[in-house]
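Yeah, the sequence shown ends on 216 if you go by our numbering, and it's all consecutive.
The beta carbon of each residue, even a glycine, is placed where N, CA and C say it ideally should be.
Just so it is clear, the structure is predicted and the values come from calculations on it, not from any experiment.
Let me begin by presenting the structure, written as structure tokens, before commenting on it.
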Amino acid sequence: MWVRKGGIQTWEEGYNGLDYTGKFLAKGKGTVHLTWGGDEEGPVCVTGEAYGGRPPEAKGWQRSGEMRFHSPTGVLRFFGDGGDLLGDVTAAGEGSYRIRAYVRGVERAPDLAKAEAVGEVLIVVFPASPR
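So, in structure tokens, the structure goes:
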């Protein structure tokens, strides 16, 4: 998927989106935001990978983050500023997942709104063990 701005989001059917937080990874019930920059224009290539188990850490990325997410519907599709969809990244249907995000091509900045445009984003999703 190609986007032009510094973030993508998802919310599952029956759930509302999350207000912009300025955090790299943020979640709410049935919703996730990934933010990597401010108002700079892309293009940015976003790739999603779904795994049935924990994959190895990716190498060569500038920034990464990981969080736990519960998918109430089992269908999680990220979308960007143009409305393009990244296919469903939930490999095991409804349940708990880990979402790992990587970016490269961005200057490290304490304030994400001052970050430069990113060249590539990788989203990795895999089932999490129940708590």
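About 5 angstroms separates the beta carbons of D169 and M86, which is inside the 8 angstroms limit, making them a contact pair.
If you draw a straight line from the Cα of G92 to the Cα of D173, it is about 18 angstroms long. For the 8 angstroms CB-CB criterion, S214 and G180 do not form a contact. DSSP places E179 outside both helix and strand once states are collapsed to three, so it counts as coil.
Sequence-distant Cβ neighbours of K90 in its own chain, meaning closer than 6 angstroms and more than five residues away, are D166.
Note that the C-beta distance between W121 and V209 is not below 8 angstroms. With the rule of 3 Cβ pairs closer than 8 angstroms, the region 129 to 146 does not count as touching the region 108 to 115.
Rounded to whole angstroms, the separation of the alpha carbons of Y100 and V131 is 23 angstroms.
Boundaries of the beta strand (DSSP E) around M152: R148 to S156. Taking C-beta atoms under 8 angstroms as the contact rule, V188 and W146 qualify, at a distance of about 7 angstroms. Where V210 is concerned, the enclosing beta strand (DSSP E) starts and stops at E205 to P212. Residues of the same chain with a CB within less than 6 angstroms of the CB of F164, apart from the 5 flanking positions on each side, are L170 in chain order.
Excluding its 5 nearest sequence neighbours in each direction, A135 has C-beta neighbours in its own chain below 6 angstroms: V174, A176 and V210, listed in chain order.
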